[in-house]
Amino acid sequence: MKVTDLLNNTSKVHPPNLSILSCDVVPDPRACITVKGMNAILMPAWCSRDLAVIKVELPEEGGGSRKVVVASAYFPCDSQDPPPSAEAQRLIQHCQETRLALIIGCDANSHHTAWGCPDINSRGEALLESLASSNLVILNRGSRPTFRSAGRETIIDLTLCSQEISHAIRVWRVSQEPSLSDHNQIHFAWSTNVQEEEPYRNPRRTDWALYRESLNWHLEGYTPSIKNREDCEEAAAIIRTEIMQAYKASCLTVTPKARGRGMPWWT
Numbered sequence: 001m002k003v004t005d006l007l008n009n010t011s012k013v014h015p016p017n018l019s020i021l022s023c024d025v026v027p028d029p030r031a032c033i034t035v036k037g038m039n040a041i042l043m044p045a046w047c048s049r050d051l052a053v054i055k056v057e058l059p060e061e062g063g064g065s066r067k068v069v070v071a072s073a074y075f076p077c078d079s080q081d082p083p084p085s086a087e088a089q090r091l092i093q094h095c096q097e098t099r100l101a102l103i104i105g106c107d108a109n110s111h112h113t114a115w116g117c118p119d120i121n122s123r124g125e126a127l128l129e130s131l132a133s134s135n136l137v138i139l140n141r142g143s144r145p146t147f148r149s150a151g152r153e154t155i156i157d158l159t160l161c162s163q164e165i166s167h168a169i170r171v172w173r174v175s176q177e178p179s180l181s182d183h184n185q186i187h188f189a190w191s192t193n194v195q196e197e198e199p200y201r202n203p204r205r206t207d208w209a210l211y212r213e214s215l216n217w218h219l220e221g222y223t224p225s226i227k228n229r230e231d232c233e234e235a236a237a238i239i240r241t242e243i244m245q246a247y248k249a250s251c252l253t254v255t256p257k258a259r260g261r262g263m264p265w266w267t
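In terms of UniProt numbering, the sequence shown opens at residue 1 and continues consecutively.
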């Protein structure tokens with residue numbers, strides 16, 4: 001789903017209690033952060049078309065809290081410059097100089113075996129070299145693809161964080177839940193104690209009769225007028241959202257027994 005679909009459509013496309021934060025001075029942002037159930041401050045001075053940045057406070061062991069910068073970045077594959085982008089590099093340097101902890105979720109469009117890809121390209125080499133000179137670590141684990149399209153699959157979505165908070169980020173995984181995108185969701189948890197499992201949905205336990213009933217009820221009578229590409233994309237966004245809502249209603253989350261105090265994240 002395009003970021004502009006999320007920003008421009010009504011609450012029928014995204015839940016009203018979900019905040020979508022992105023650069024508000026560009027007409028077509030390609031990076032955003034969704035926030036639910038926590039306070040987040042947008043950092044507009046660091047945002048751009050391909051970078052969304054917020055600041056949050058996360059719990060620390062002992063009852064305190066820590067300010068953490070969270071960013072969503074897109075490194076376009078057709079860029080003349082190797083990744084990371086100039087604006088991402090400036091953010092990384094700023095956080096290092098001011099000793100702010102940083103978490104970045106990025107569509108890197110880069111290949112390297114360091115994050116599980118079976119191959120290496122020049123973009124991957126450039127990105128790894130840049131990361132090696134920073135205080136960021138790669139959280140990716142395993143070799144499950146984060147991207148699937150037209151019969152091919154690879155790992156181009158990375159989760160990066162400052163070295164000093166890497167111990168608090170647990171249970172990193174590529175979700176198998178439907179994402180309605182060619183990119184899979186990435187889940188992890190912030191935990192200041194022992195490891196904690198995150199609630200999840202098991203597609204095999206879906207009540208498909210309820211799914212069909214819910215989908216039919218929400219889309220009954222919906223006949224979009226398609227006159228141009230924008231109309232088509234908007235209609236597709238609405239249908240995708242209703243499919244996801246029907247799936248969530250018919251496939252309830254399973255909550256494993258907690259083994260510590262933590263906070264779930266996804267990207």
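In this text, a Cβ means the ideal position worked out from N, Cα and C, and glycines have one as well.
Do residue j and residue i come within 8 Å of each other at the CB atom, strictly closer than that value?
| i | j | result |
| --- | --- | --- |
| L160 | C106 | yes |
| L21 | A52 | yes |
| I186 | D157 | yes |
| A168 | S191 | yes |
| A249 | S214 | yes |
| T146 | V174 | yes |
| R66 | A101 | yes |
| A31 | Y74 | yes |
Measure the alpha-carbon distance for residue i versus residue j and round it to whole angstroms.
| i | j | result |
| --- | --- | --- |
| E164 | V68 | 11 Å |
| Q245 | E97 | 43 Å |
| Q195 | V171 | Any answer about Q195 is weak, because its pLDDT of 48 lies below 50 and its placement is not dependable; what the coordinates show is given next. Approximately 7 Å, taken between the alpha carbons. |
| L42 | I54 | 4 Å |
| D182 | G64 | 39 Å |
| C77 | A88 | 15 Å |
| A132 | N140 | 15 Å |
| P27 | I33 | 16 Å |
| S149 | P118 | 17 Å |
| T10 | G37 | With a pLDDT of 32 at T10, under the threshold of 50, the modelled position of that residue is not reliable, and the figure given next carries that caveat. Straight-line Cα distance between these residues: approximately 20 Å. |
With DSSP as the reference, please indicate the residues paired to residue i in a beta bridge.
| i | result |
| --- | --- |
| R66 | L58 |
| G105 | S72 and T159 |
| I20 | T34 |
| S149 | R152 |
| V137 | C161 |
| S175 | In the DSSP output, where bridge partners are listed per residue, S175 has none listed. |
Hey, out of the options, whose CA is closest to residue i's CA?
| i | options | result |
| --- | --- | --- |
| T253 | H218, S214, R205 and D231 | R205 |
| N216 | E230, I243 and A236 | I243 |
| S143 | S166, N184, S134 and S179 | N184 |
| C251 | C232, K227, E177 and E230 | E177 |
| I226 | A132, E234 and R240 | E234 |
| C95 | V35, D231 and N135 | N135 |
| A45 | P224, S79 and L91 | L91 |
| S19 | V25, V35 and P29 | V35 |
Cβ contact check for the region 120-131 and the region 75-85: 3 or more pairs under 8 Å: Yes: the two stretches touch, three or more of their Cβ pairs being nearer than 8 Å.
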